[in-house]
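Notes follow the structure.
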Amino acid sequence: MIAFDQLTWLHGKPQSSGLLKANPEDFLVVEDLGFAPDGEGEHVLVRILKNGCNTRFVADALAKFLKIHAREVSFAGQKDKHAVTEQWLCARVPGKEMPDLSKFQLEGCQVLEYARHKRKLRLGALKGNQFTVILREISDRQDVETRLQAIAERGVPNYFGAQRFGIGGSNLQGALRWAESGAPVRDRNKRSFWLSAARSALFNQQVSIRLKKTEFNQVVDGDALQLAGRGSWFVVTPEELEVSQARVHNRELMITATLPGSGDWEASATPRLSSRPRSPRKPRCRRCWCGRKSRRRAGRCFSIHSSSAGTGGMT
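Quick note on numbering: UniProt numbering labels position 95 of the sequence shown as 95, and the sequence is numbered without any gaps.
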């Protein structure tokens, strides 16, 4: 159901093959929030090392341990299950003594540190993720080395991968059934996974369409630009095109594509001096459904760059 081979390939279709995620240890992710815990407040930030664990599953287990509702535990982003990942979870525990999270026991998980914090950790509120990926059984090492060099220079499409859509696209199928039936979905986890799959599929379509353009990295009027390494962003105006293009070239700003949701760009954007009212494009039916059912509209950079792409992880 997810036709990944029909999405636009920035560097052409692969000419070689390899084995990815032969073991969870072959895919390492370290989350960087870009800030440290405040040391006080009604929330508790918990840094957890996970091996083969789903982020939502761990968040629900943490809520159960703390005897709070599952919605009181948040995170900046979901991480791969079949990997070794390090990330922060945030639990709201006001008016209580500091919980002893060293006693939190869950197979495949280890609490590394925890501290009080003033604010809830929200989706997307992170500086970035550091990835270490090991590829095994490479069929054409020279081809891979050439592609890694191209990625370092031009970046790579920031598509959501197959895991976001469930086994055989089951999460996206669930979202489509939900949209067509209009029936309420009581299961909180299903709602979350299905909405995430629908938003991700629409994002992938936008990225694929943009990459078909020769000057896909050219800033145009109405683009939503995000500050590199930060969550703040703004909608560019004609007067800002030249300066914004230079900042995109220097990788100070990133062009984003839409993650459909409620509200409009102007209401969600970071306040700034240079702004003008504009009418966002009228969304199509599935985007309307995402807007009614989903969280606030957001942006995600459509391509990513790596200054450390290399072949040290090929075997």
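Ideal Cβ placement from N, Cα and C applies to all residues, glycine included. Quick caveat: nothing in here was measured; it's all calculated off a predicted structure.
In this structure Leu121 is in contact with Phe75, their Cβ atoms being roughly 6 Å apart against a cut-off of 8 Å. In the same chain as Leu19, and ignoring 5 residues on each side of it, the C-beta atoms closer than 6 Å to its own belong to Arg136 and Glu137, in chain order. Spatial neighbours of His11 in its own chain (CB-CB distance under 8 Å, excluding positions within 5 residues in sequence) are listed in chain order as Arg147, Ala150, Ile151, Arg154 and Val156. It is roughly 27 Å from the alpha-carbon of Asp5 to the alpha-carbon of Gly128. Here DSSP, grouped into helix, strand and coil, assigns Phe203 to helix.
Phe234 and Ile255 have their alpha carbons spaced roughly 10 Å apart. Annotation for His117: the continuous beta strand (DSSP E) segment containing it runs Cys109 to His117. For His305, the secondary structure class from DSSP, reduced to helix, strand or coil, is coil. The alpha helix (DSSP H) runs lying completely inside the stretch 36-81 and spanning 4 residues or more are 55-66, given in chain order. Rounded to whole angstroms, Leu49 and Gln110 show a C-alpha spacing of 5 Å.
Going by C-alpha positions, Thr8 is about 14 Å away from Asn217.
Residues Gly155 of the same chain have their beta carbon placed closer than 6 Å to that of His305, with the five preceding and five following residues left out of the count.
In this structure, Arg116 sits away from Pro238, with a CB-CB distance that is not shorter than 9 Å. In this structure the stretch 60-71 does not lie against the stretch 164-180, because fewer than three pairs of beta carbons, one per stretch, are closer than 8 Å. At a Cβ-Cβ threshold of 9 Å, Val29 and Phe131 count as neighbours. Exclusion of the five residues before and after Cys53 leaves Lys81, Gly108 and Cys109 as the residues of its chain whose Cβ lies within less than 7 Å of its Cβ. If you check the CB distance, Gly34 and Leu126 come in under 9 Å. Distances from the alpha-carbon of Gly41 to those of Glu31, Leu241 and Ala91 put Ala91 closest.
The continuous alpha helix (DSSP H) containing Gln149 extends over residues Arg141 to Arg154. Bridge partners of Gln15 according to DSSP: none are assigned. Secondary structure of Phe216 (DSSP, three-state): coil.
The closest CA to that of Trp194, considering only Asn171, Gln205 and Ala201, is found on Asn171.
Taking each of Val93, Gly77, Asn250 and Gly95 in turn and checking the Cα distance to Gln87, the smallest one comes out for Gly77. Around the C-beta of Asn204, 16 or more other C-beta atoms lie within 10 Å, and the residue is accordingly described as buried. Between the C-alpha atoms of Asn23 and Gly222 there is a straight-line separation of about 43 Å. Gly174 and Arg188 have their C-alpha atoms spaced approximately 13 Å apart. In this structure, Ser192 places its C-beta atom within 9 Å of the C-beta atom of Arg56. In this structure, Gly124 keeps its C-beta atom at 9 Å or more from the C-beta atom of Ala3.
Taking C-beta atoms as the reference points, Phe65 and Lys96 fail to come closer than 9 Å.
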